[in-house]
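Asks: For the sequence shown, my numbering begins at 123 and goes up steadily by one.
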Amino acid sequence: MRVVFDGTVVRPPYAGVQLSVLEEMRAVAGCLGDLSGCRFYSGDPEFSRAVQARGGTAPRLSTQLRRVPVRLAWQQLVLPGILRRCGAEVLHALAYTAPRRCPVPYVLNVHDIIALDRPELCSRLNRLHMRALLPSSVRGAALCIVSTHHVADRLREVLGVSAARLAVVPLGVDAARFGAPAPRPRLPGLPEERPYLLFVGNLEPKKGIDTLLDAYAIAACASRFDLVVAGRAAWRCAGVRRRLLHWPSPGRVHWLGRVTGAALPGLMQHAAVLVQPSLEEGFGMPVLEAMAAGTPVLHSDHPALMEAAGGAGLAFRLGGAADLAGRLDALLGDAPWQAELAAAGRER
């Protein structure tokens, strides 16, 4: 079968959906013995070279496709012609949208519908993009792949997608990578003997970072544990950035910005706990990464995070700073409980 994979969403800086799509394409390519009938579109040069080395096609993409409007124009106007010329039988669109006039059946990955459910948590460009193309893309798909039952439920309720056209396929994690012992990264201003709490993710409204900062400000553990925030500044984060850069007290906050993939396992392994305070998610990959690293996980009780954690994490009330602070103090004062959560996370 001739299959075209649209992974053009993959572009630096990699995070969230970009990483998920890249890893899915790597996994699919690894499972297929013969790539001669496959054409992969990706902004990752290393992956493209690997595909070509195995007989697949991975056309070089213009760097202009890193701009969202250009990528969308390419997908809607150029990709249909490519599908016709190369004799494609199926398109796998790996990130939310597909051509409105797609000449072949297509499978669509829908990572979330936050832009439709909670548009106030998204950037303006993301809201416009999803409102214009997501509903029609979903309704035209032969099959929609989602990573949680939560997203499947939202697609049924909001867009009327039948259960027959939905496949719930949870994301996975490279347990060997995150579980192999790694040195503790040297962090400016953080002594090597000083324990720390960790948050990993973009600075954006849906991540609930204000809830975490409010909790840290009132938690007794702030006198003993620093807070490390790893993630790039995304959209509508000016207030959070000010709080991170000018943290008054108690405790100390370290904002690292974007952390390299090589440094992430060590950063997670040496954290006392990973906190995922998200207000909205489609999945929540840092939860699994921390569990694979043997680090206890505290997460909001958002349905997607509850699914990802599978009972191996400790949940607190969504948006509840006082509840989070209480959970932090209780957990960090109970070493056997921490060990129990770490073991449950590794098994998960």
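Ideal Cβ positions, reconstructed from N, Cα and C, are used throughout, including at glycine.
How about Ala355 and Arg363: are their beta carbons less than 8 Å apart?
Replies: In the sequence shown, counting from the first residue as 1, residue 355 sits at position 233. In the sequence shown, counting from the first residue as 1, residue 363 sits at position 241. In contact: Ala355 and Arg363 (Cβ atoms closer than 8 Å).
Asks: Near Val409, which residues of its chain fall below 7 Å by C-beta distance, leaving aside the five closest residues on each side in sequence?
Replies: Residue numbering aside, residue 409 sits at position 287 when the sequence shown is read from its first letter. So the list reads Gln398, Val419, His421, Leu427, Ala430, Ala431, Gly435, once near-sequence residues are dropped.
Asks: Let's see if you can read the secondary structure: which residues bound the beta strand (DSSP E) around Asp348?
Replies: Your numbering for residue 348 matches position 226 in the sequence shown. Element bounds for Asp348: 348-352.
Asks: In this structure, does DSSP put Ala341 in helix, strand or coil?
Replies: Here residue 341 refers to the residue found at position 219 when the sequence shown is read from its first residue. Note: Ala341 maps to coil in three-state DSSP.
Asks: Going along the chain, which residues of its own chain have a beta-carbon closer than 7 Å to the beta-carbon of Ala304, five neighbours each way excluded?
Replies: If you number the sequence shown from 1, residue 304 lands on position 182. These residues qualify, in order along the chain: Pro387, Gly388, Gln391.
Asks: Just how far apart, CA to CA, sit Val126 and Val150?
Replies: Stepping through the sequence shown from its first residue, residue 126 is reached at position 4. Stepping through the sequence shown from its first residue, residue 150 is reached at position 28. So the alpha carbons of these two residues sit roughly 12 Å apart.
Asks: What is the C-beta distance between Val268 and Val295, in whole angstroms, given that I count them as a contact (C-beta under 8 Å)?
Replies: Within the sequence shown, numbered from 1, the residue matching residue 268 stands at position 146. Within the sequence shown, numbered from 1, the residue matching residue 295 stands at position 173. About 17 Å; that fails the 8 Å criterion.
Asks: Suppose the cutoff is 7 Å on Cβ atoms and the five residues either side in sequence are ignored; what does the same chain contact list for Arg188 look like?
Replies: Here residue 188 corresponds to residue number 66 of the sequence shown, with the count starting at 1. Cβ neighbours of Arg188 beyond the five flanking positions: Arg133, Gly165.
Asks: Kindly identify the DSSP beta-bridge partner or partners of Arg161.
Replies: Start at 1 with the first residue of the sequence shown, and residue 161 comes out as number 39. Paired residues: Val126, Thr179.
Asks: Return the CA-CA distance between Lys328 and Leu250, expressed in angstroms with no decimal places.
Replies: Along the sequence shown, read from residue 1 onward, the residue named residue 328 stands at position 206. Along the sequence shown, read from residue 1 onward, the residue named residue 250 stands at position 128. The alpha-carbon atoms of Lys328 and Leu250 are separated by roughly 17 Å.
Asks: Where does His271 sit, in a helix, a strand or coil, going by DSSP?
Replies: Residue numbering aside, residue 271 sits at position 149 when the sequence shown is read from its first letter. Helix, per DSSP.
Asks: Are Asp332 and Gly373 touching if we call contact CB-CB under 8 Å?
Replies: For this step, residue 332 is matched to residue 210 along the sequence shown. For this step, residue 373 is matched to residue 251 along the sequence shown. Result no, Cβ atoms of Asp332 and Gly373 do not sit closer than 8 Å.
Asks: Roughly how many angstroms separate the alpha carbons of Glu145 and His233, rounded to a whole number?
Replies: Locating residue 145 in the sequence shown gives position 23, where the first residue counts as 1. Locating residue 233 in the sequence shown gives position 111, where the first residue counts as 1. Roughly 14 Å between the two C-alpha positions.
Asks: Please classify Pro310 as buried or exposed, where buried requires at least 16 neighbouring CB atoms within 10 angstroms.
Replies: Sequence index remark: in the sequence shown, residue 310 carries index 188 (1-based). So Pro310 counts as exposed.
Asks: Can you name the residues that DSSP bridges to Tyr318?
Replies: By one-based count along the sequence shown, residue 318 stands at place 196. Asp348.
Asks: Tell me whether the beta-carbon of Leu396 lies closer than 8 Å to the beta-carbon of Asp423.
Replies: Indexing the sequence shown from 1 puts residue 396 at position 274. Indexing the sequence shown from 1 puts residue 423 at position 301. No, these two residues do not count as a Cβ contact at 8 Å.
Asks: When you compare only the Cα positions, how much space is there between Gly262 and Glu315?
Replies: What you label residue 262 is simply residue 140 of the sequence shown in a count that begins at 1. What you label residue 315 is simply residue 193 of the sequence shown in a count that begins at 1. Rounded to whole angstroms, Gly262 to Glu315 spans 55 Å at the Cα level.
Asks: Under the three-state reduction of DSSP, which class applies to Val173: helix, strand or coil?
Replies: Locating residue 173 in the sequence shown gives position 51, counting from the first residue. If DSSP states are grouped into helix, strand and coil, Val173 belongs with the helices.
Asks: Closer than 8 Å by C-beta to Leu243: which residues in its own chain qualify, once you throw out the five before and the five after it? Chain order, please.
Replies: Residue 243 sits at position 121 when you count from the first residue of the sequence shown. Within the same chain, Leu243 has close Cβ partners Ile236, Glu326, Pro327, Lys328, Leu401, Glu402.
Asks: Taking DSSP's pairing of strands, which residues face Gly441 in a bridge?
Replies: Mapped onto the sequence shown, residue 441 falls at position 319. None; Gly441 has no bridge partner.
Asks: Might you give, ordered along the chain, the residues of its own chain that have their beta carbon closer than 7 Å to the beta carbon of Pro181, omitting 5 neighbours on each side?
Replies: Your numbering for residue 181 matches position 59 in the sequence shown. If we look at Pro181 and ignore the five residues flanking it on each side, its Cβ neighbours are Tyr163.
Asks: When DSSP builds the beta bridges, which residues end up paired with Val397?
Replies: Along the sequence shown, one-based indexing puts residue 397 at 275. Leu420.
Asks: Could you check if Leu199 is buried or exposed, using at least 16 other CB atoms within 10 Å of its CB as the buried criterion?
Replies: Counting from 1 along the sequence shown, the entry for residue 199 is found at position 77. Per the 10 Å Cβ criterion, exposed.
Asks: How many angstroms separate the CA atom of Ala444 from the CA atom of Ala337?
Replies: To locate residue 444, count along the sequence shown from 1; it is residue 322. To locate residue 337, count along the sequence shown from 1; it is residue 215. Approximately 6 Å, taken between the alpha carbons.
Asks: What does DSSP give as the partner residues of His214 in its beta bridges?
Replies: If you number the sequence shown from 1, residue 214 lands on position 92. Paired residues: Phe127, Val229.
Asks: For Ala264 and Gly330, what's the separation of their Cα atoms in angstroms?
Replies: In the sequence shown, counting from the first residue as 1, residue 264 sits at position 142. In the sequence shown, counting from the first residue as 1, residue 330 sits at position 208. The alpha-carbon atoms of Ala264 and Gly330 are separated by roughly 35 Å.
Asks: Beta carbon of Ala254, beta carbon of Val131: below 8 Å?
Replies: Numbered from its first residue, the sequence shown carries residue 254 at position 132. Numbered from its first residue, the sequence shown carries residue 131 at position 9. Against a cut-off of 8 Å, the Cβ pair of Val131 and Ala254 comes out as no contact.
Asks: Once you ignore the five residues that flank Arg308 on each side, which residues in its own chain have a CB closer than 8 Å to its CB?
Replies: The residue given as residue 308 occupies position 186 in the sequence shown. Contacts found: Glu314.
Asks: Rounded to the nearest angstrom, how far is the Cβ of Thr219 from that of Gln197, given a contact under 8 Å?
Replies: Position 97 of the sequence shown, counting from 1, holds the residue named residue 219. Position 75 of the sequence shown, counting from 1, holds the residue named residue 197. Rounded, the Cβ-Cβ distance is 7 Å, consistent with contact.
Asks: Run through DSSP, which three-state label would Trp357 get?
Replies: Position 235 of the sequence shown, counted from the start, is the residue given in the question as residue 357. DSSP places Trp357 in coil when its eight states are reduced to three.
Asks: Give me whichever residues DSSP pairs with Gly379 in a beta bridge.
Replies: Counted from its first residue, the sequence shown places residue 379 at position 257. DSSP output for Gly379 lists Ala352 as bridge partner(s).
Asks: Taking all protein chains shown into account, do 16 or more other C-beta atoms lie within 10 angstroms of the C-beta of Gln186, making it buried, or fewer, making it exposed?
Replies: Counting from 1 along the sequence shown, the entry for residue 186 is found at position 64. The residue is exposed, with fewer than 16 neighbouring Cβ atoms inside 10 Å.
Asks: Tell me which residues share the same chain as Arg240 and place their Cβ nearer than 8 Å to its Cβ, disregarding the 5 neighbours each side in the sequence.
Replies: What you label residue 240 is simply residue 118 of the sequence shown in a count that begins at 1. Lys328, Leu401, Glu402.
Asks: Suppose you measure from the CA of Asp275 to the CA of Pro257; what does that come to, to the nearest Å?
Replies: Within the sequence shown, the letter at position 153 stands for residue 275. Within the sequence shown, the letter at position 135 stands for residue 257. Near 15 Å, if we compare the C-alpha coordinates of Pro257 and Asp275.
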